[in-house]
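Residue numbers (the working numbering), protein chains in the order written: chain A, 196 to 346; chain B, 3 to 519.
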């Protein structure tokens, strides 16, 4: 059977049994895209706010990295973070060159959660405006340079 | 971290020896038609035209060695074998280490002798006799990548002890090779594991096509790591050339080389063979001609210069009373003299020969002169470039003609070959001429340039005559074969003369240039 399908089914059945704290599965109607709501518990800039992540899986998943980005909604803004652009694109190495098939939807969520929890700078990336103006539709099609691993 | 931070200060060629010093001396025997990849490059026996081939290298030739893909694999293999015999590690491991060390064998050996553990860990290898093995899953095992849990499925265990099912490894490596074009850094998929999946494991995992692609990619990274080896730039040509020319030598030599498929190109800049023009001048010329030529042509045809500030001015209507937008100088379009002296003669100028008008015209002639000088060379360059393109058409015609000759006149195939051979000489001569104009543009006038330009115009004249001969009817060509061959021989000799003299001047550093580079 198709690796992608089997793997996502497995991930879905695990997710339906319960996700780690701060994560809520919003929808996974078909196996190509999932929506997950994410909150950050600890005392951080993002306390009390819900954000929504969109996962899009290509048929080559999990060999190929899924496209992951924040999607805005009435009550769900795009978090302000030096590695998150105003259009929801996230600059994170595991969502690019650093991806390996060992990672999965939940582990990506946890990485993003800790990226938010560890941040104390209430700023957009320095090149936000120019990037957002010319960015491709999907973050995956951008080539980020991971210049700073400390945030 | 994937980058290896050993500082490699070795001379680029220090760890490479030629196994065979007898370089191919085929510079004049093979040529190509434009950048076409379909050229068969078949041996072109022109002994009857150039006379017997000389054994010694000519001054305009550069030692080089054409390498096929097999040769390149052999070089890699011999590096692996050498390091294997010294370090007594498995060949697989050596191959990975050499990749990490950019194929600098001596550097690898030295570092390994100093600190083997550091070398192994930073290169992602483990010193074990077996770097991978297949095994059967125990009951209850589920592959963490695909979540498959079929009993007894086949697993691959890498040297780092991480394992996953065989098909996941297959998809993983195929994805990396096909989609990402990786040959280096094909690492274990486990998080933070740096173990590099060895060549032999990839060989058994992936399909033969993907494996060949993987080998090609690693060959590319090998060639990239060598300054002395370059790929042939022709489309779809997969052969390479090894040449020991150094960067500083590019000021005194033009390293024309020929690959195993008979394509000739410049080793210095990977552009087409541009004898006798130096790489740096070719670069300047191409920049200049791309930026300026059309504009310069237009300016020359449509504008005059303000006699005070030299700004180019286009007259697009109105009378002859001009006022320069840049410096506000007022002058007459006809005689270029100061307007104040013209009075009311709006549509007629009778002052053309006045002293004042003559002086004004002289003032602008200098900068016009340099523009005209450039266009003089550029137009000749462009003409030969275009003719070389048209040559392609002629070539097709020539091929047809030789068929006609074979069928109607009963000329044998071998005899009819003289047409395509002659054509190759014509094409090569045009290319040389073309670049000789770019070269001449940058030369400072001296007695040597006069000789150079004489040689150039001799060749030019002969080339045009030869070109004309190709326009003849097939039957006429058969009758005048001797004339055609004579002309070819002459063109060939004149071409050699031109590049030989130029090369002598280059190596003796006799040429003076009007630019610094």
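We treat Cβ as the ideally placed atom computed from N, Cα and C, and that holds for glycine.
Does residue 178 of chain B have its Cβ less than 9 Å from a Cβ in chain A? Position 176 of the second chain, counted from the start, is the residue given in the question as residue 178 of chain B. Yes, residue 178 of chain B counts as interfacial toward chain A.
Would DSSP call residue 28 of chain B helix, strand or coil? Within the second chain, the letter at position 26 stands for residue 28 of chain B. In this prediction, residue 28 of chain B scores a pLDDT of 36, lower than 50, which makes its location untrustworthy; the coordinate-derived value is nonetheless stated afterwards. Looking at residue 28 of chain B - three-state DSSP - the assignment turns out to be coil, as it is neither helix nor strand.
Which residue marks the beginning of the alpha helix (DSSP H) containing residue 99 of chain B, and which one marks its end? Residue 99 of chain B sits at position 97 when you count from the first residue of the second chain. Where residue 99 of chain B is concerned, the enclosing alpha helix (DSSP H) stretches over 93-102.
Count the C-beta pairs between the stretch 431-438 of chain B and the stretch 375-391 of chain B that are closer than 8 Å, then say yes if the count reaches three, no if not. yes
Determine the DSSP secondary structure at residue 42 of chain B, reduced to helix, strand or coil. One-based indexing of the second chain puts residue 42 of chain B at position 40. The predicted position of residue 42 of chain B is uncertain, since its pLDDT is 39 and thus under 50; no value can be drawn from it.
Cross-chain neighbours of residue 149 of chain B in chain A, by beta carbon under 7 Å: In the second chain, counting from the first residue as 1, residue 149 of chain B sits at position 147. Near residue 149 of chain B (Cβ distances below 7 Å), the residues of chain A are 201, 202 and 205.
Extent of the continuous beta strand (DSSP E) run through residue 314 of chain B: Residue mapping note: residue 314 of chain B aligns to position 312 of the second chain, counting from 1. Counting along the chain, the beta strand (DSSP E) containing residue 314 of chain B begins and ends at 314-316.
With a CB to CB cut of under 7 Å and the five nearest residues on each side skipped, what residues in its chain are close to residue 92 of chain B? Numbered from its first residue, the second chain carries residue 92 of chain B at position 90. These residues qualify, in order along the chain: 131 and 133.
Hey, does residue 169 of chain B have any beta-carbon neighbour from chain A nearer than 9 Å? Position 167 of the second chain, counted from the start, is the residue given in the question as residue 169 of chain B. Taking Cβ atoms only, chain A reaches closer than 9 Å to residue 169 of chain B, which makes this a yes.
Applying the 10 Å Cβ sphere with the 16-neighbour rule, what's the burial state of residue 101 of chain B? Position 99 of the second chain holds residue 101 of chain B. Burial call: buried.
With residue 229 of chain A as the anchor, note down where its beta strand (DSSP E) starts and where it stops. Here residue 229 of chain A corresponds to residue number 34 of the first chain, with the count starting at 1. Element bounds for residue 229 of chain A: 228-233.
DSSP-derived helix/strand/coil call for residue 218 of chain B: Position 216 of the second chain, counting from 1, holds the residue named residue 218 of chain B. Note: residue 218 of chain B maps to helix in three-state DSSP.
Name, going along the chain, the residues of the stretch 188-220 of chain B whose beta-carbon falls closer than 7 Å to a beta-carbon of chain A. 191, 192 and 193
What separation, rounded to the nearest whole angstrom, lies between the Cα atoms of residue 116 of chain B and residue 454 of chain B? By 1-based counting over the second chain, the position of residue 116 of chain B is 114. By 1-based counting over the second chain, the position of residue 454 of chain B is 452. Distance between the alpha carbons of residue 116 of chain B and residue 454 of chain B is about 57 Å.
By how many angstroms is the C-alpha of residue 489 of chain B removed from the C-alpha of residue 473 of chain B? Taking the first residue of the second chain as position 1, residue 473 of chain B is located at position 471. Taking the first residue of the second chain as position 1, residue 489 of chain B is located at position 487. For residue 473 of chain B and residue 489 of chain B, the distance between alpha carbons rounds to 14 Å.
Can you pull the chain B neighbours of residue 297 of chain A, defined as C-beta to C-beta under 8 Å? Numbered from 1 along the first chain, position 102 holds the residue referred to as residue 297 of chain A. Here the neighbours are 146, 147, 191, 192 and 193.
Ignore the nearest five residues each way along the sequence and tell me which others in residue 202 of chain B's own chain have a CB closer than 8 Å to its CB. Start at 1 with the first residue of the second chain, and residue 202 of chain B comes out as number 200. Counting only Cβ-Cβ distances below 8 Å, and skipping sequence neighbours, we find 94, 133 and 134.
Assign residue 280 of chain A to one of two classes, buried (16 or more other C-beta atoms within 10 Å of its C-beta) or exposed (fewer than that). For the purposes of this step, residue 280 of chain A is identified with residue 85 of the first chain, where counting begins at 1. Looking at its Cβ environment, which holds 16 or more other Cβ atoms inside 10 Å, residue 280 of chain A is buried.
Residues in the stretch 240-266 of chain A having any Cβ partner in chain B nearer than 7 Å: 255, 257, 258 and 259
Excluding the 5 residues flanking residue 171 of chain B on each side, which residues of the same chain have their C-beta closer than 7 Å to its C-beta? Working through the second chain from its first residue, we reach residue 171 of chain B at position 169. Correct list, in chain order: 158 and 207.
Kindly list, in the order they appear in chain B, the residues whose Cβ is closer than 9 Å to that of residue 198 of chain A. Taking the first residue of the first chain as 1, we reach residue 198 of chain A at position 3. Simply 147, 148, 149, 150, 169, 170 and 173.
My guess is that residue 361 of chain A and residue 233 of chain A are in contact by the Cβ rule of under 8 Å, so how many angstroms apart are they, rounded? No answer is possible for residue 361 of chain A: it lies beyond the span of chain A, which begins at 196 and ends at 346.
Would you mind telling me which residues of chain A sit closer than 9 Å to residue 181 of chain B, beta carbon to beta carbon, in chain order? The residue you call residue 181 of chain B lines up with position 179 of the second chain. Going along chain A in sequence order, the residues near residue 181 of chain B (Cβ under 9 Å) are 255, 258 and 259.
Local Cβ density within 10 Å of residue 314 of chain A, reported as buried at 16 or more and exposed below that: Within the first chain, the letter at position 119 stands for residue 314 of chain A. By the 10 Å Cβ count, residue 314 of chain A comes out buried.
Roughly how far, in whole angstroms, is the beta-carbon of residue 307 of chain B from the beta-carbon of residue 366 of chain B, given that I think they are within contact range, below 8 Å? The sequence position of residue 307 of chain B within the second chain is 305, counting from 1. The sequence position of residue 366 of chain B within the second chain is 364, counting from 1. The pair is a contact, with the Cβ atoms about 4 Å apart (cut-off 8 Å).
Under the three-state DSSP convention, the category residue 287 of chain B falls into: Numbered from 1 along the second chain, position 285 holds the residue referred to as residue 287 of chain B. Here residue 287 of chain B sits in helix by DSSP.
Tell me the DSSP bridge mates of residue 187 of chain B? Translated into the one-based positions of the second chain, residue 187 of chain B becomes position 185. Residue 187 of chain B pairs with nothing; no bridge assigned.
Mark residue 126 of chain B as exposed unless 16 or more other C-beta atoms lie within 10 angstroms of its C-beta, in which case mark it buried. Along the second chain, read from residue 1 onward, the residue named residue 126 of chain B stands at position 124. By the 10 Å Cβ count, residue 126 of chain B comes out buried.
Residue ranges of each alpha helix (DSSP H) run of no fewer than 4 residues wholly in the stretch 411-477 of chain B, ordered along the chain? 415-443 and 449-471
Can you round the beta-carbon distance between residue 235 of chain B and residue 272 of chain B to whole angstroms, since I take them to be within the 8 Å contact cut? Within the second chain, numbered from 1, the residue matching residue 235 of chain B stands at position 233. Within the second chain, numbered from 1, the residue matching residue 272 of chain B stands at position 270. Indeed, because the Cβ distance is near 5 Å, the residues count as touching under 8 Å.
When the distance is taken between beta carbons, is residue 206 of chain A closer than 9 Å to residue 300 of chain A? The residue given as residue 300 of chain A occupies position 105 in the first chain. The residue given as residue 206 of chain A occupies position 11 in the first chain. The answer is yes: Cβ separation under 9 Å.
Taking 9 Å as the threshold (beta carbon to beta carbon), is residue 25 of chain B in contact with chain A? Within the second chain, numbered from 1, the residue matching residue 25 of chain B stands at position 23. With a pLDDT of only 35 at residue 25 of chain B, under the threshold of 50, the placement of this residue in the model should not be trusted, and no figure is reported.
Closest to residue 501 of chain B by CA distance: which of B:223, B:415, B:277 and B:240 is it? By one-based count along the second chain, residue 501 of chain B stands at place 499. Out of B:223, B:415, B:277 and B:240, B:277 has the C-alpha closest to the C-alpha of residue 501 of chain B.
I'd like to check one pair, residue 297 of chain A with residue 193 of chain B: are the Cβ atoms closer than 9 Å? Walking along the second chain from the start, residue 193 of chain B turns up at place 191. Walking along the first chain from the start, residue 297 of chain A turns up at place 102. Cβ distance < 9 Å, so residue 193 of chain B and residue 297 of chain A count as in contact.
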